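From first to last, the protein sequence lines stand for chains A and B. For my numbering, add 582 to where a residue sits in the first sequence, where the first one is 1. For my numbering, add 1309 to where a residue sits in the second sequence, where the first one is 1. Glycine residues also receive a C-beta, built at the ideal position from the N, C-alpha and C atoms. Given the structure is predicted, the values throughout are model-derived calculations rather than measurements.
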Amino acid sequence: MSKEIWVWAEQRQGRLMPVSLELLGKGQELSRKLGGKVAAVLMGAEVRELAAELLEHGCEKVYVAEDPILSLYQSGPYGNLLAGYIEESKPEIVLWGATSVGGELAAWVAARLRTGLTAHCIDLYIDDIKGKPQLVQVVPGWGGNLALKIVCDTTPQMATVKPGVMAEAPRTKAQGEILPLAVEIKGGDFRAETIEIVEEELEERPLEEAKIVVAGGWGLNSLGSFELVGELAKVLGGAVGGTRPALDKGWITESSLIGQSGKTVSPDLFISLGASGAAQFTTGFEKAKVILAVEQNPQAPIFEIADIGIVGDLKSILPLLIQELKKGL
Amino acid sequence: MALNIVVCIKQVPDPEHFSKVSLDPVTKTISREGIPAIINPLDKNALEEGLRIKEKFSAKVAVITMGPPQARRALEEALAMGADEAFLLCDKAFAAADTLGTACALAPGIQKIGHFDLVLCGNETVDSGTGQVGPQIAQFLNIPYLTKVKEIAFDEERTLIVKRGLEQGYMRVRVKLPALLAVNKEINKPRLTTAFGIIAAAEKEIKAFDCRELGVDPNDVGISGSPTRVVETFQRVSQRRREVIYGSPEEAVKKTTERLKEFGALVQ
């Protein structure tokens, strides 16, 4: 029997997280090379409709763990159940969405199973490593276009992928099957008990939907403030984002952080201001149609990945750029 | 209520100096030269939270790190911020660990310190940013855990009500101690070290443990205890135009605007 590729299909408040369908798309691609079926594991209170949605995107098997107790994400039961299912069915590969919930759950399950887990992969494919087909997990290296290929010597081979990185599995005729899983909740599982999920309306349009994103980094320090980043974004009708140092500096909030531990965006135009181009940042906007970078260090890796680069001082360039673009629109 | 708090910290390259990162044009490798090492920023938030709990209740705050001998500096800074004791897990056998290999050393390290009620750490580091080590330590210690923590409140004596961040909104969770919490930036603003703190820190001892002293099998930690391995570092092909515009700011801006229009990037 050939081994399965599993996708943890996360639902929240009865809705499927979009990354689940993106992982499914990648899973299908992997299975064409590796063989074996692609299966999704879905947990929640009443999730049959979501299971149908997965089937309509070409999922061959949907394992369903249904119980009212699983309605909200509970780290204890979710982790224990998933580890148990994986131990029993022994899938070859398990893919997880690197959401605020998926990331911790995958890490915990990996520790429990004593297997490897590669975080925030930007590409996944099957290749022969020492004569054995293995999952090659590509993650960004330090800056520019450097990347690392990682393999895992234990099974299952597990990886997390951030939302927006892979392409969604296309709609197709549903042919797969839904298979129920036993839900056994052990005592002690609720030492951390989720009481409620409070959804908050975002103050601004989500960064991911903006056609133009203007992001600032540490280099804005020379201007003493982040104000002009906002002004440029306003002139262009775009959204504001930033790097990790910009977040540490208090210039942006967590929801505007772009990169490996923040958002992945794919706007028509991405403008990077005063960022050197650490891969932790640049992987967050790789799919932008056009990238403009302004940075004063001519050696900075950001210029390796930009369409247009201006080497120079933000203090003189940024006001001029705002002025010029105001005129042109 | 006397609480024993352990804060896990990591020494990382300072992100404020990431602009000094440069690509060697020949080897295409990254030069980290001249980048100072600091305590991972979110780990400072974790320490701050531990210190605040200590100020409210009676508590003892220990800091622990795994790293090379120079990681002592990070511990010294943590002691100067107000931590009571510090522990360094240092052994060649710990080197080149992935998250599992790291958690395999930190979990026994935390147990070695003694009885603990609360383990705090930053949600992720600025250098590798996986956010995996916290949950993995919790698994090895068999304690409940939460990540992306932005608010901690005491409910009953050994029960916390914690707010953890989500993509849109938050989750409220009741957690029984002992537990591990990985904190976000929003939770607090870390204090600065004071001269008094630095003087007080000089009196405090940093205890170091190697693999044998921890009673850990060298095969479970470091590179041997890490199931994932890097098989290749490579340069990804950039499809970008990589056009660098020089000249006076006026000229550069004018040319850039022309290019943006050409590429149709300004159409909304």
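- Residue pairing from DSSP places B/Pro1322 in a beta bridge opposite B/Ala1346.
- Less than 8 Å divides the Cβ of B/Leu1455 from the Cβ of B/Val1482.
- B/Ile1532 and B/Cys1520 have their alpha carbons spaced roughly 13 Å apart.
- Counting along the chain, B/Arg1483 sits inside the beta strand (DSSP E) bounded by residues 1478-1485.
- B/Ala1380 has a beta carbon lying at 8 Å or more from every beta carbon in chain A.
- In the DSSP assignment, B/Thr1468 falls within the beta strand (DSSP E) that extends over 1468-1475.
- B/Tyr1555 sits in coil when the DSSP states are folded into three classes, being neither helix nor strand.
- Minimum Cα-Cα distance from A/Leu789 among the listed residues A/Leu907, A/Val847, A/Gln905 corresponds to A/Val847.
- Straight across, the Cα-Cα distance linking A/Glu638 with A/Gly758 is about 9 Å.
- Under the Cβ criterion of 8 Å, B/Ala1561 is counted among the residues facing chain A.
- Taking a 10 Å sphere around the C-beta of A/Ser807, we find fewer than 16 other C-beta atoms and assign the residue as exposed.
- Contacts with chain B at 8 Å (Cβ-Cβ) include A/Gly698.
- Judged by DSSP in its simplified three-state form, A/Thr776 adopts strand.
- A contact between stretches requires three or more CB pairs, one per stretch, nearer than 8 Å, and the region 693-700 of chain A fails this requirement with the region 602-611 of chain A.
- Of the candidates B/Lys1319, B/Arg1467, B/Ala1383, B/Ala1383 places its Cα closest to the Cα of B/Ala1510.
- In the DSSP assignment, B/Arg1538 falls outside any alpha helix (DSSP H) and within the unbroken beta strand (DSSP E) covering 1537-1544.
- One alpha carbon belongs to A/Ile777, the other to B/Val1471, and they sit about 10 Å apart.
- Rounded to whole angstroms, the gap between the alpha carbons of B/Phe1396 and B/Glu1560 is 56 Å.
- In the three-state DSSP reduction, A/Met748 falls in the coil class, being neither helix nor strand.
- Taken through DSSP and simplified to helix, strand or coil, A/Gly866 comes out as helix.
- Comparing C-alpha distances from B/Ala1504 to each of B/Gly1431, B/Gln1548, B/Glu1385 shows the shortest one belongs to B/Glu1385.
- Proximity of chain B to A/Thr736 at the Cβ level (cut-off 7 Å) is accounted for by Pro1536, in chain order.
- For B/Leu1490, there is no enclosing alpha helix (DSSP H); the enclosing beta strand (DSSP E) has its first and last residue at 1488-1492.
- For a cut-off of 8 Å, the C-beta gap from B/Pro1499 to A/Asp830 is around 10 Å, too long to register as a contact.
- For A/Met625, the closest of A/Leu616, A/Tyr645, A/Gly607, A/Leu606 by C-alpha to C-alpha distance is A/Tyr645.
- Per DSSP, A/Ser613 is one residue of the alpha helix (DSSP H) stretching across 600-616.
- With contacts defined as CB atoms closer than 8 Å, A/Ala815 and A/Ala821 qualify as a contacting pair.
- Sixteen is the threshold: when 16 or more other Cβ atoms of the shown chains lie within 10 Å of the Cβ of B/Gly1391, as they do, the residue is buried.
- From the listed residues A/Glu604, A/Ile587, A/Ala882, the smallest Cα separation to A/Lys615 is found for A/Ile587.
- Comparing alpha carbon positions, the residue from A/Glu669, A/Val620, A/Glu868 closest to A/Gly841 is A/Glu868.
- Look at the region 1389-1407 of chain B: the residues with a C-beta under 8 Å from a C-beta of chain A are Asp1407.
- Beta-bridge analysis with DSSP links B/Tyr1454 to B/Leu1489.
- The C-alpha of B/Glu1364 is placed about 47 Å away from the C-alpha of A/Ala764.
- About 5 Å separates the beta carbon of B/Pro1558 from that of A/Ile899, a gap short enough to meet the 8 Å contact definition.
- Secondary structure in the region 1404-1451 of chain B: the beta strand (DSSP E) runs of 3 residues or longer, each lying completely within the stretch, are 1427-1431 in chain order.
- In this model, B/Glu1394 and B/Ala1346 are separated by some 21 Å (Cα to Cα).
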